[in-house]
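In this note's numbering, the protein residues as written are 79 to 946.
Idealized CB from N, CA, C, for every residue including glycine.
From a predicted model like this one, the values you see are computed outputs, not experimental measurements.
Following: one structure in structure tokens, then a few remarks.
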RNA sequence: GCCGAGGUGGCGAAAUUGGCAGACGCGCCAGACUUAGGAUCUGGUGGAUAAAUCCUUAGGGGUUCGAGUCCCCUCCUCGGCACCA
């Protein structure tokens, strides 16, 4: 096929226009105070999720979002906006390093090569990126500022009163005032416990095959998200970021964002705010209490036993000597099991009695304390009060081990076994007769008065495990001295990783950086932190660096940040952010949550002007292979953009990416579909260009400057309207369909009015920019109105008076079924419509011998006769 | 199990406030032009039927003059979470 002559000569002109756009800096957006900056112009920041440059290159799935944003960017330029549309590379992190290990190439070499490959692929598609703003997370000039932001996190704490991050210095001086007698070391310990970036020894997700720990978000079903290797829990000393401090703000400030509701729900579920109470149970014969969290404090009188997680610190003390052997056996069994195995056993409840008892604070009854793996150490307090009458899990456990079941809530309709809904309290002393919400509130008040409980909110969200035992990541700007961590000065940034030849995992928990003996030791005896940051670090703020990628003195230029991130509502400029952010759902709880967290910290400390980074978010759907399966190398169904550009051209690729269906939905690729839009582009070409006897392309002889017919006028203006409106709602597929209708209409015209073609070319320009520029340029040789480049024309405006006709077709129904169609004057009144309908021959036939009960007439639409 | 998104011709899909179901494209069929067609142009194309007509938006019920669209139930597909107290 490639031997065949192309239907239009895209190979001759695509690179020509790409070069011209570059040379003339057509899509360079000036910042405030820069030459060419035009203050009255509105701004528009349209952003893609930047890729990590893998060795595989791009496939057509990546390009769907990129094409959509490019069309919007070009459209906004034509609408008179100053458009920020940048691209860069998320080049640190596990995938890049795994690839490097596989191929034996140093990550820096492989990364540079992959970036070059990705960039040339993107350039061939004619995206209007402002390449002067390109950023690379592995560039020292970039990660200097990633490290700088880490220092801000390290040197801040979360003030619960203000619900905001504040410099840790404030905390130190405050502490000094409050506890003047405290030693420096004690004060440091206190401060270190409050930093937003802190070190802790905690059970973490260790993946031996990857040689690193992983964040909760990176572990799926007990396996690593990258590679699918087994992950086990083990205690290790790690860096954490205190994202949990922001849980409420991450939830509440999510509400006003223009994001898909489904993504908001994913984030809400991940944060998992749960409102209830803590209650304290004293342990019999021990001077100790077990604190539990419950969302149903109203069922306290129904708590007939307690369960501790096997790892709970009080298990040892509670266990009696008779039960110790059984408890130890159970705990040992649990310790060897991975999280996956533990949840797999979920079908059948297991557990062991500790021999110990606690006192139910509500009724002073003695209740047994068990341990069971259905109680998780990582949630709530790691201990529960079991209410088998009103909780499914407690019910199953109580049934299995013959524990007492007591019902304390009367359900609205009688149920067997257990009832988890709301009802009326019973068998609950002073709560009896109260509906659930009132009972909850009353028992909490009572607990608080007794000093044995309080209102409490728990979250599923855990602090963010921020260190990795990897080579290819940002080094921490931290050194250790006398087993204490210390921040480096800003002037020491960037901390550049040592040029290791052997950067593979060590096979132990020691990070690869431990191999760089000389790099580790500083002259003053301090040693460097050996962990590196996770992949997500660089992507937490890249959208800010795009604003001023070469700024040397600050992570982002202040004026430029205020300009590009500002909201469009004058009344609330804090409600700003990127105007349109397009990317896949896979980042719903990882990147999008982390980036929001960093942004809020930067906002609190006064470094950025908006509380949220991304005002409007759109998720593009996945593109499946032609076999309806997920595109993957192993299935052999990957479609590369290179072959499409070669065969059909960049414009056909762009157009098909948008024509195959709505942006948000999952849909399969089809090669014959590509041919379809390719044929459409060829029809546009032939609308303007003919082939002469010698086989050369020349302007068509059918072109002319003639008056448009009413019908043509209507097609032109309804196309302007449809394309404009569909672009605003990102309905690219239907916009293209309308342009096809336009072309079908004018293909059959004897003389093709140049004015109409000019409008079509402008509308098509954001979609198929190369073809349009070429035709525009060729037309400019013989016709007026084609000065400059097509992409610099202003967007056309439709006029309603050309949309309508004097006559409209009216549908006549009998009992809701279509019986006839008539053409009448537009806006004909109801009474006249009824007369017209009754006069119809078909209606008279159908209603003969029957009575017309009712007539519904909707002007310009239909008449429905109800007949018996 | 829970939460979310979906289910419309042979295929990808359209369808303001409920108002002609299937726009547009692919595929298929026929014709034209051609030495030729895997190019192009023109016409046709949801299903059943000889036809008038009837049926048709996963399935069932409901509201309505009128339902792809609103309400209730069931089934299926995809995505997320998963003993979260």
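- By the CB criterion at 7 Å, residue 387 and residue 300 fall outside the cutoff.
- Residue 685: not part of any alpha helix (DSSP H); DSSP gives it neither H nor E.
- Scanning the segment 447-506 for uninterrupted beta strand (DSSP E) segments of 3 residues or longer gives 461-464, listed from N- to C-terminal end.
- Per the C-alpha coordinates, the member of 571, 690, 578, 122 positioned closest to residue 632 is 571.
- Two segments are said to touch when three or more pairs of C-beta atoms, one from each, lie closer than 8 Å; by this definition the segment 115-126 touches the segment 137-156.
- Inclusion of residue 829 and residue 780 in the CB contact set at 7 Å is warranted, their separation being smaller than that value.
- If you draw a straight line from the Cα of residue 786 to the Cα of residue 899, it is about 28 Å long.
- Residue range 339-349 is occupied by the alpha helix (DSSP H) that includes residue 345.
- A distance below 7 Å separates the beta carbons of residue 433 and residue 401.
- In the DSSP assignment, residue 899 forms a beta bridge with 889.
- Contact between residue 668 and residue 325 is ruled out by a C-beta separation of about 16 Å, above the 8 Å threshold.
- Annotation for residue 385: the continuous beta strand (DSSP E) segment containing it runs 383-386.
- From the listed residues 451, 816, 435, the smallest Cα separation to residue 444 is found for 435.
- Here residue 547 is not near residue 170, since their CB atoms are 7 Å or more apart.
- When secondary structure is reduced to three states using DSSP, residue 769 falls in the strand class.
- Residue 207 and residue 812 have their C-alpha atoms spaced approximately 25 Å apart.
- Non-local C-beta neighbours of residue 882 in its own chain, meaning closer than 6 Å and more than five positions away in sequence, are absent.
- Taking each of 187, 806, 329 in turn and checking the Cα distance to residue 690, the smallest one comes out for 329.
- Of all C-beta pairs linking the segment 723-738 to the segment 834-849, three or more are shorter than 8 Å, placing the two stretches in contact.
- By a beta-carbon distance limit of 8 Å, residue 555 contacts residue 229. Their separation comes to about 6 Å.
- Fully enclosed beta strand (DSSP E) runs of no fewer than 3 residues occupy 121-126, 160-162 of the segment 79-166, in order along the chain.
- Boundaries of the alpha helix (DSSP H) harbouring residue 915: 908-917, taken from the DSSP string.
- Burial check for residue 814: the Cβ neighbour count within 10 Å reaches 16 or more, so the residue is buried.
- Between residue 747 and residue 704, the C-beta spacing is below 7 Å.
- In the three-state DSSP reduction, residue 305 falls in the coil class, being neither helix nor strand.
- Comparing alpha carbon positions, the residue from 145, 192, 562 closest to residue 263 is 562.
- Excluding five sequence positions before and after residue 385, the CB atoms of its chain that fall closer than 6 Å to its own CB belong to 448, 450, 453, 462, 464, given in chain order.
- Judged by pairs of C-beta atoms under 8 Å, the segment 670-688 does not touch the segment 355-363, as fewer than three such pairs exist.
- C-alpha of residue 841 to C-alpha of residue 721: approximately 27 Å in a straight line.
- Rounded to the nearest angstrom, the Cβ distance from residue 375 to residue 518 is 6 Å, consistent with a contact under 8 Å.
- Secondary structure at residue 362: coil, using DSSP grouped into helix, strand and coil.
- For residue 222, there is no enclosing beta strand (DSSP E); the enclosing alpha helix (DSSP H) covers residues 218-232.
- Only buried fits residue 316, as 16 or more other CB atoms lie within 10 angstroms of its CB.
- Assigned with DSSP and collapsed to three states, residue 661 falls in strand.
- Within the same chain, and ignoring the five residues on either side of residue 202 in sequence, the residues whose Cβ sits closer than 7 Å to its Cβ are 723, 728.
- Taking a cut-off of 8 Å for Cβ pairs, the segment 179-198 and the segment 82-91 do not touch, as fewer than three such pairs fall below it.
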